[in-house]
Amino acid sequence: MGSREDRAITVSIVIITKDTRELLKNCLGSIAKDTSLTALGIETVIIDNASTDGTDSMVREEYPDTVYIRNDVNTGFAAAVNRATRTARGTYILLLNSDTLLIEGEAVKMTGIADSIDNLGILGPQLVYEDLSLQRSVAQIPGLAGEL
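Numbering-wise (my numbering), the sequence shown opens with residue 235 and increments by one.
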């Protein structure tokens with residue numbers, strides 16, 4: 235197998251974590267199970283904001299191909315995302331929270347959509363709960379129409 239620099243990467247999956255070992259393990263498991271991602275060429279970049287729950291050993295032992303960067307201190311979410319995007323090599327960045335579970339094939343669909351739209355800046359999926367019922371991604375904005 236070639237080095238990390240030899241592989242063509244279409245999607246860099248970026249995950250920021252802080253003491254969410256079990257959630258992250260489930261998230262990484264859902265990525266590993268999505269066989270449709272293999273054809274794309276993916277990398278997973280994890281920035282660990284100084285976890286103390288064994289996250290580092292879990293990632294190194296169970297997901298050794300993951301790009302894992304551990305901060306000595308919690309730099310905060312935005313700084314960690316910036317660090318991850320500087321490290322990422324993909325054409326696209328898929329930013330996930332550690333409590334995310336991918337639905338097989340959906341990330342590939344998003345890549346196809348992104349490829350079909352010129353000058354696309356950002357694309358977001360419909361969020362769903364584990365039972366696939368719809369989840370709001372933002373709170374409802376109060377207003378007269380919502381009160382009627």
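Glycine is no exception: its CB is placed at the ideal position from the N, C-alpha and C atoms. It should be emphasised that the depicted structure is a prediction, and the values quoted were computed from it without experimental measurement.
Thinking just about the alpha-carbon of each residue, which of the options is nearest to the one in residue i?
i	options	result
T269	I337, G346 and I347	I337
D282	K343, T251 and K259	T251
V279	T286, Y363 and N331	N331
S264	A341, I347 and N353	A341
E296	L271, V372 and R255	R255
L257	K267, I247 and T334	T334
L357	Y363, T244 and L329	L329
A242	N260, T272, D253 and G339	T272
D299	A266, A348 and S350	A266
For a quick check, are the C-beta atoms of residue i and residue j less than 9 Å apart?
i	j	result
A314	N305	yes
Q360	L354	no
A284	N316	no
Y326	V245	yes
What is the C-beta distance between residue i and residue j, in whole angstroms, given that I count them as a contact (C-beta under 8 Å)?
i	j	result
I247	I276	6 Å
L274	T345	6 Å
Looking only at its chain, what residues have a beta carbon closer than 8 Å to the beta carbon of residue i, apart from the 5 residues adjacent to it on each side?
i	result
M235	Caution applies to M235, whose pLDDT of 38 falls short of 50 and renders its modelled position unreliable; the model cannot decide the point.
T286	D253
S237	Note that S237 scores 47 on pLDDT, short of 50, meaning its location in the model is unreliable; the coordinates nonetheless yield the value given after this. Hits under 8 Å: none found.
D365	none
L378	none
Excluding sequence positions up to five away, which residues of its chain have a Cβ less than 6 Å from the Cβ of residue i?
i	result
S371	L361
I303	I281
Below 7 Å CB to CB, which residues in the same chain sit around residue i once its five sequence neighbours on both sides are set aside?
i	result
N260	L335
Determine, using beta-carbon pairs with one atom in the region 287-294 and one in the region 315-326, whether at least three such pairs fall under 8 Å. These segments do not touch.
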